[in-house]
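In what follows, a structure is listed as structure tokens, so that the remarks can point back to it.
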Ligand code: CMX
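Residue numbers (this note's numbering): 45 to 181.
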């Protein structure tokens, strides 16, 4: 199991345009990509902060994972994503250690990354994502 860094922090917001304005005009970051991930029922906006990214998430469907999260808990930090080397193997390792998975095999996420989620019930309340960038391999 090898985690190299925090790839991104996902933040659920009600209005992507308003949240982008805060990150750009107040914090001075630059939104370098906006992308809809249909499979996850979200629209995303990305900012780089060193090696880590901030991923803003606006739901496109009230019944989607981010729509339900905002309804229940309001806006805020939604998930923590680790960059791993060997995503399938990493999922097997944590599963063998008794951690429940949401995705037992990786799927395609924003920016063409392979992603998979661990269930927050097994990770001390933090929805945890593994991701791997295999675009340049
Ligand atoms: N962080 C921590 N806990 C969370 C959570 C989150 N982001 N989302 C839901 N939960 C908790 C709920 O509070 C609830 O807890 P209790 O049972 O104690 O009340 C429990 O998980 C079940 O929540 P739910 O509202 O009934 O929703 P579901 O079980 O239908 O779904 C989850 C929960 C985590 C399985 C679902 O949100 C999921 O599959 N998430 C992974 C995919 C995702 O989040 N995609 C969006 C981002 C995509 C991207 O980055 O591109």
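Just so it is clear, CB atoms sit at the ideal spot from N, CA and C, and this is done for glycine as well.
Where residue i falls: helix, strand or coil (DSSP)
| i | result |
| --- | --- |
| residue 134 | helix |
| residue 47 | strand |
| residue 145 | strand |
Beta-carbon proximity check, residue i vs residue j, cutoff 8 Å
| i | j | result |
| --- | --- | --- |
| residue 67 | residue 90 | no |
| residue 175 | residue 99 | no |
| residue 46 | residue 140 | no |
| residue 153 | residue 81 | yes |
| residue 106 | residue 115 | yes |
heavy atom of the ligand CMX below 7 Å from residue i C-beta
| i | result |
| --- | --- |
| residue 88 | yes |
| residue 122 | yes |
| residue 80 | no |
| residue 114 | no |
| residue 238 | As shown, the chain starts at 45 and ends at 181. That puts residue 238 outside it, with no answer to give. |
| residue 110 | yes |
| residue 163 | yes |
| residue 154 | yes |
| residue 129 | no |
Nonlocal neighbours in the same chain, by C-beta distance under 8 Å from residue i, ignoring five residues either side
| i | result |
| --- | --- |
| residue 151 | 83, 158, 159, 160 |
| residue 59 | 102 |
| residue 49 | 95, 96, 126, 127 |
| residue 149 | 132, 135, 160 |
| residue 124 | 50, 53, 54, 170, 171, 172, 173 |
Opposing strand residues paired with residue i [DSSP bridges]
| i | result |
| --- | --- |
| residue 160 | 174 |
| residue 52 | 97, 125 |
Residue i Cβ short of 7 Å to the ligand GDP heavy atom set
| i | result |
| --- | --- |
| residue 84 | This structure lacks the ligand GDP; its bound ligands are the ligand CMX. |
Chain-order list of residues whose beta-carbon lies under 7 Å from that of residue i (same chain, five-residue window excluded)
| i | result |
| --- | --- |
| residue 122 | 54, 55, 56, 101, 110, 113, 171 |
| residue 86 | 101, 102, 103, 104, 108, 110 |
| residue 163 | 144, 145, 146 |
| residue 165 | 144 |
| residue 63 | 57, 100 |
Neighbourhood of residue i by C-beta distance below 6 Å, restricted to the same chain and skipping five residues each side
| i | result |
| --- | --- |
| residue 78 | 89 |
| residue 156 | 179 |
Beta carbon proximity, residue i to chain B, threshold 8 Å
| i | result |
| --- | --- |
| residue 59 | Looking at the structure shown, chain B is missing, and only one protein chain is on hand. |
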